[in-house]
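J.: Residue numbers (full-length UniProt numbering): 1 to 438. Virtual Cβ for every residue (Gly too), placed ideally from N, Cα, C.
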Amino acid sequence: MKAYRAAILSFDPDTGAPRYWSDGLLVTGPGQGGAAAPRVVLALGSFHELIRHYPGLSVESIPDRLIAPGFVDLHVHYPQTDVIGSPAEGLLPWLEHHTFPQEARFADPLHAAEVADFFLNELDRHGVTTALTFCTSHPQSVDALMSAAQPRGLRLIAGKCLQDRHCPDGVRDTTEQSLLDTEALILRWHGIGRLGYAITPRFAPTCSDAQLQGAGELAARHPGVWVQSHVAENLDELAWVRELYPQDRSYLEVYARFGLLRERSVYAHCLHLDQTDRELLRERGAAAAVCPTSNFFLGSGCFDFASAERTGFLHGLASDVGGGTSFSPFRTMLAAYEAGRAGFTGGGPAKAGVSLAPSRLWWLHTAGAARALGLDGVVGNLAPGCEADFVLLDPRATPLLARRTAQARDLEELLFALIVLGDERVVTRTVRAGSVID
Numbered sequence: 001m002k003a004y005r006a007a008i009l010s011f012d013p014d015t016g017a018p019r020y021w022s023d024g025l026l027v028t029g030p031g032q033g034g035a036a037a038p039r040v041v042l043a044l045g046s047f048h049e050l051i052r053h054y055p056g057l058s059v060e061s062i063p064d065r066l067i068a069p070g071f072v073d074l075h076v077h078y079p080q081t082d083v084i085g086s087p088a089e090g091l092l093p094w095l096e097h098h099t100f101p102q103e104a105r106f107a108d109p110l111h112a113a114e115v116a117d118f119f120l121n122e123l124d125r126h127g128v129t130t131a132l133t134f135c136t137s138h139p140q141s142v143d144a145l146m147s148a149a150q151p152r153g154l155r156l157i158a159g160k161c162l163q164d165r166h167c168p169d170g171v172r173d174t175t176e177q178s179l180l181d182t183e184a185l186i187l188r189w190h191g192i193g194r195l196g197y198a199i200t201p202r203f204a205p206t207c208s209d210a211q212l213q214g215a216g217e218l219a220a221r222h223p224g225v226w227v228q229s230h231v232a233e234n235l236d237e238l239a240w241v242r243e244l245y246p247q248d249r250s251y252l253e254v255y256a257r258f259g260l261l262r263e264r265s266v267y268a269h270c271l272h273l274d275q276t277d278r279e280l281l282r283e284r285g286a287a288a289a290v291c292p293t294s295n296f297f298l299g300s301g302c303f304d305f306a307s308a309e310r311t312g313f314l315h316g317l318a319s320d321v322g323g324g325t326s327f328s329p330f331r332t333m334l335a336a337y338e339a340g341r342a343g344f345t346g347g348g349p350a351k352a353g354v355s356l357a358p359s360r361l362w363w364l365h366t367a368g369a370a371r372a373l374g375l376d377g378v379v380g381n382l383a384p385g386c387e388a389d390f391v392l393l394d395p396r397a398t399p400l401l402a403r404r405t406a407q408a409r410d411l412e413e414l415l416f417a418l419i420v421l422g423d424e425r426v427v428t429r430t431v432r433a434g435s436v437i438d
C-alpha cells in the first residue's frame, strides 16, 4: 500500500458534490485483478480519523499541496499537436489549410511515433490521466499512439479516423479498407491493459453513407468499444450537412440513423442543437464533449450549459487540441466558465447565461467526463475502488496564485483561483494507476 497525507479533493459518486479534507489521507493499493491490475483507491478521508485503521502504515506527508483526481480529456486530436495556434477564418478553412496537410504526414510511422511521444508527455505535464483521442486515417497512427501509451499505463481511448470523401489525397481513405482496418485495430488494441478503441468517423460530411453504415455495423458487433465524432460545431458545417442529408431532421439524427448514437458515443461540440436533439442524446445515453477554447478560437459559438443541465444529457470538458488552444485543463475550465456566462450558442437568439460553480467545472473535467465515457467509478474520482489516477497540485505555484489562494475563504474560492490563475506549473506530480510519472 501507498499512502499520502495532504489536502484532498474528491466527489460524491452519486451526486457529484465535492468532498474535501484540508488534512486528508489517501490510501492506494492493489485491486482485485492481481499484480497486473491497476492500483486503486482503498480509502480516503480525514487523516486523524482514517489513520487509526492503518497502524504502522508508512505515509508520505505532502504539506501545502492538494491531491485531486486526474483530469479526463473527453476529446483531443493527437495528430493536431503541431496545428495549435494556426490562424484561419473558421472551421472549414482551418481544416483545409492547416489540419489536413499536417495529418497527411502521419503516413510516416516514424513521424507518428515522434508526435505520439510528445503528445503523451504533454498529457502528463498537464495532469491528464485519461483521454479520448482521434488519430488520423492512417492505421499506423493508431499503432504508434497505442504502442507509446501501453507501457505508460495511460487509460487511453483512440481510433483511426474514417473519411472517404470531401477531403484531400493523403488523408482520404477507401470505404471497404477503412472498415477492415478499423476492425483489425479493435482486435489488436481494445482492452489491452488500459487501452480502449473508438470507432471514429471524422464527421458526417467526410463519410459516405456506406462508410457510416459500416461504422454502425462495427459498433453493433463490438458493443464494448466507443464511438466518437463531431456534430453541430459550426453554422457553415450545419448548412453543408443539410445539403448532404436533406432527408434527416437534424445533423445528430444522421448518426442516429446509422446506429452510431448509443452509450459510449461521444460527440464533440454539440453547440447548435435543438431540444429534440438534446433529448435524443439523453435517451440514447450518448455524451457531448464540450470544447470551449476551440469554440472561441474558431468562432463557432458557446455550449448551452443551462439547457444541457435541464435536459440531463451526459457532457464533460475537452481540450480539442489543436482547434483548442491549450492542453491545460485549467484553461479549458476557465473557458467553459466564460462560455456559460456568455449565455448564447452563436447564430441564434440570446439566452440567459449561467455561472458554473468552480467545483462543477472541476467535476466536468474529472468524474463527470468519466461518467460521459461510461467509466463512472473507474477513473476521474478518488472514491474507493477507483483506479489510482491523481494529480498533486501546488496552490502557490506562482506569486500571484500564492497571494490569491492564501486569501481563499472556502473550497470554491480555492478551486476558482486555480482555474483562473493556474497552468501546468501547478501540476507537481501526476500519478497513473498508482505509478508516479517522472
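Could you have a look at Thr174 and say whether DSSP puts it in helix, strand or coil?
T.: On the sequence shown, residue 174 is found 174 positions in, with the first residue counted as 1. Here Thr174 sits in coil by DSSP.
J.: With 16 other CB atoms within 10 Å as the buried threshold, where does Gly85 fall?
T.: Taking the first residue of the sequence shown as position 1, residue 85 is located at position 85. Exposed is the call here.
J.: If you measure between the beta carbons of Phe106 and Pro79, is that distance less than 7 Å?
T.: The residue given as residue 106 occupies position 106 in the sequence shown. The residue given as residue 79 occupies position 79 in the sequence shown. The answer is yes: Cβ separation under 7 Å.
J.: Use the C-beta contact count for Asp173: other C-beta atoms within 10 angstroms, 16 or more gives buried, fewer gives exposed.
T.: Residue numbering aside, residue 173 sits at position 173 when the sequence shown is read from its first letter. When all chains shown are included, Asp173 counts as buried.
J.: Starting from Thr276, trace the beta strand (DSSP E) both ways and give me its first and last residue.
T.: One-based indexing of the sequence shown puts residue 276 at position 276. Note, Thr276: premise wrong, no beta strand (DSSP E); alpha helix (DSSP H) at Gln275 to Arg284.
J.: What is the residue span of the alpha helix (DSSP H) that Leu91 lies within?
T.: Taking the first residue of the sequence shown as 1, we reach residue 91 at position 91. Leu91 to Trp94 is the extent of the alpha helix (DSSP H) around Leu91.
J.: Beta carbon of Phe416, beta carbon of Pro358: below 7 Å?
T.: Counted from its first residue, the sequence shown places residue 416 at position 416. Counted from its first residue, the sequence shown places residue 358 at position 358. Yes, the pair counts as a contact, with Cβ atoms nearer than the cut-off.
J.: If contact is defined by three or more beta carbon pairs under 8 Å, each pair taking one atom from either stretch, is the region 388–399 in contact with the region 308–319?
T.: Not touching, per the Cβ criterion.
J.: Would you tell me roughly how many angstroms separate the C-alpha atoms of Ser319 and Gly422, rounded to the nearest one?
T.: Along the sequence shown, one-based indexing puts residue 319 at 319. Along the sequence shown, one-based indexing puts residue 422 at 422. Distance between the alpha carbons of Ser319 and Gly422: 15 Å.
J.: Taking Glu237 as the reference, which of His166, Ala144, His222 and Ala158 has the closest Cα?
T.: Reading the sequence shown from its first residue, position 237 is the one you call residue 237. Comparing Cα-Cα distances from Glu237 to each of His166, Ala144, His222 and Ala158, the minimum goes to His166.
J.: Determine the direct distance from the alpha carbon of Arg19 to that of Phe203, and round the result to whole angstroms.
T.: Here residue 203 corresponds to residue number 203 of the sequence shown, with the count starting at 1. Here residue 19 corresponds to residue number 19 of the sequence shown, with the count starting at 1. Answer to the nearest angstrom: the Cα atoms are 38 Å apart.
J.: Quick check: the Cα distance between Arg257 and Ala289, rounded to an integer number of angstroms?
T.: The residue you call residue 257 lines up with position 257 of the sequence shown. The residue you call residue 289 lines up with position 289 of the sequence shown. Distance between the alpha carbons of Arg257 and Ala289 is about 21 Å.
J.: Does Gln275 pass the burial test, meaning 16 or more other C-beta atoms within 10 Å, or should it be called exposed?
T.: Counting from 1 along the sequence shown, the entry for residue 275 is found at position 275. It is exposed - the Cβ of Gln275 has fewer than 16 other Cβ atoms within 10 Å.
J.: So, for Leu273: in the same chain, excluding its five sequence neighbours on each side, which residues have a beta-carbon less than 6 Å away from its beta-carbon?
T.: Stepping through the sequence shown from its first residue, residue 273 is reached at position 273. Cβ within range, chain order: Ala232.
J.: Comparing alpha-carbon positions, which option in Gly191, Ala342 and Glu176 lies nearest Leu212?
T.: The residue you call residue 212 lines up with position 212 of the sequence shown. Residue Glu176 is the option with its Cα nearest to Leu212.
J.: Would you call Thr15 buried or exposed, if buried means 16 or more other Cβ atoms sit within 10 Å of its Cβ?
T.: Here residue 15 corresponds to residue number 15 of the sequence shown, with the count starting at 1. Classification of Thr15: exposed, given that the 10 Å Cβ count is below 16.
J.: Less than 7 Å between the beta carbons of Gly312 and Arg282, yes or no?
T.: Sequence index remark: in the sequence shown, residue 312 carries index 312 (1-based). Sequence index remark: in the sequence shown, residue 282 carries index 282 (1-based). Yes.
J.: How many Å lie between Gln102 and Asp82 at the Cα?
T.: Here the question's residue 102 lines up with position 102 in the sequence shown. Here the question's residue 82 lines up with position 82 in the sequence shown. The alpha-carbon atoms of Gln102 and Asp82 are separated by roughly 8 Å.
J.: Beta-carbon within less than 7 Å of Val420's beta-carbon, same chain only, minus the 5 sequence neighbours each way: which residues are those?
T.: For the purposes of this step, residue 420 is taken as the residue at position 420 of the sequence shown. Within the same chain, Val420 has close Cβ partners Leu334.
J.: Pull up the distance between the alpha-carbon of Gly380 and that of Cys386, whole angstroms please.
T.: Here residue 380 corresponds to residue number 380 of the sequence shown, with the count starting at 1. Here residue 386 corresponds to residue number 386 of the sequence shown, with the count starting at 1. Straight-line Cα distance between these residues: approximately 8 Å.
J.: Under the rule that 16 or more other beta-carbon atoms within 10 Å means buried, what is residue 446, buried or exposed?
T.: What the structure shows of the chain is the stretch from 1 to 438, and residue 446 is not part of that stretch, so it cannot be assessed.
J.: Let me know the secondary structure DSSP gives Ser307 once reduced to three states.
T.: Translated into positions along the sequence shown, residue 307 becomes position 307. Note: Ser307 maps to helix in three-state DSSP.
J.: From this set, Glu60, Thr136, Glu263 and Leu66, which residue's C-alpha is nearest Leu375's C-alpha?
T.: By one-based count along the sequence shown, residue 375 stands at place 375. Of the listed residues, the one whose Cα sits closest to Leu375 is Glu263.
J.: Under a three-way DSSP split, which group does Thr130 fall into?
T.: Against the sequence shown, residue 130 aligns to sequence position 130. Looking at Thr130 - three-state DSSP - the assignment turns out to be strand.
J.: Could you pull out every residue in the same chain whose Cβ sits closer than 7 Å to the Cβ of Glu279, ignoring the five residues on either side in sequence?
T.: Reading the sequence shown from its first residue, position 279 is the one you call residue 279. Only Thr311 meet the Cβ criterion.
J.: Under three-state DSSP, which class holds Ile192?
T.: Taking the sequence shown and counting its residues from 1, the one referred to as residue 192 is at position 192. If DSSP states are grouped into helix, strand and coil, Ile192 belongs with coil.
J.: Could you check where the beta strand (DSSP E) with Pro18 kicks off and where it finishes?
T.: Translated into the one-based positions of the sequence shown, residue 18 becomes position 18. Pro18 to Gly29 is the span of the beta strand (DSSP E), which, as asked, contains Pro18.
J.: Could you name the residues that DSSP lists as bridge partners for Phe11?
T.: On the sequence shown, residue 11 is found 11 positions in, with the first residue counted as 1. Looking at the DSSP assignment, Phe11 forms a beta bridge with Pro18.
J.: Excluding five sequence neighbours on each side, which residues of the same chain lie with their C-beta closer than 6 Å to the C-beta of Tyr245?
T.: On the sequence shown, position 245 is the one that residue 245 refers to. Same-chain partners within the cutoff: Val254.
J.: Does the beta-carbon distance from Gly343 to Cys291 come in below 7 Å?
T.: As a working note, residue 343 is residue 343 in the sequence shown. As a working note, residue 291 is residue 291 in the sequence shown. The answer is no: Cβ separation not under 7 Å.
J.: Take Thr133 and list the residues in its own chain whose beta-carbon comes closer than 6 Å to its own, dropping the five residues that flank it on each side.
T.: Residue mapping note: residue 133 aligns to position 133 of the sequence shown, counting from 1. Once the five neighbours on either side are set aside, the close Cβ partners of Thr133 are Val76, Tyr78 and Ala158.
J.: Considering only residues of the same chain and omitting the five flanking positions on each side of Phe100, which have a CB-CB separation below 7 Å?
T.: Taking the sequence shown and counting its residues from 1, one reaches residue 100 at position 100. So the list reads Cys167, Pro168 and Val171, once near-sequence residues are dropped.
J.: Starting from Phe71, follow its DSSP beta bridges and name the residues at the other end.
T.: What you label residue 71 is simply residue 71 of the sequence shown in a count that begins at 1. Partner(s): Val128.
J.: According to the Cβ coordinates, are Ser300 and Asp277 closer than 7 Å?
T.: By one-based count along the sequence shown, residue 300 stands at place 300. By one-based count along the sequence shown, residue 277 stands at place 277. Against a cut-off of 7 Å, the Cβ pair of Asp277 and Ser300 comes out as no contact.
J.: Report back the beta-carbon spacing between Leu382 and Leu120 to the nearest angstrom; my notes put them in contact at under 8 Å.
T.: Within the sequence shown, the letter at position 382 stands for residue 382. Within the sequence shown, the letter at position 120 stands for residue 120. Wrong, their Cβ atoms sit about 23 Å apart, outside the cutoff.
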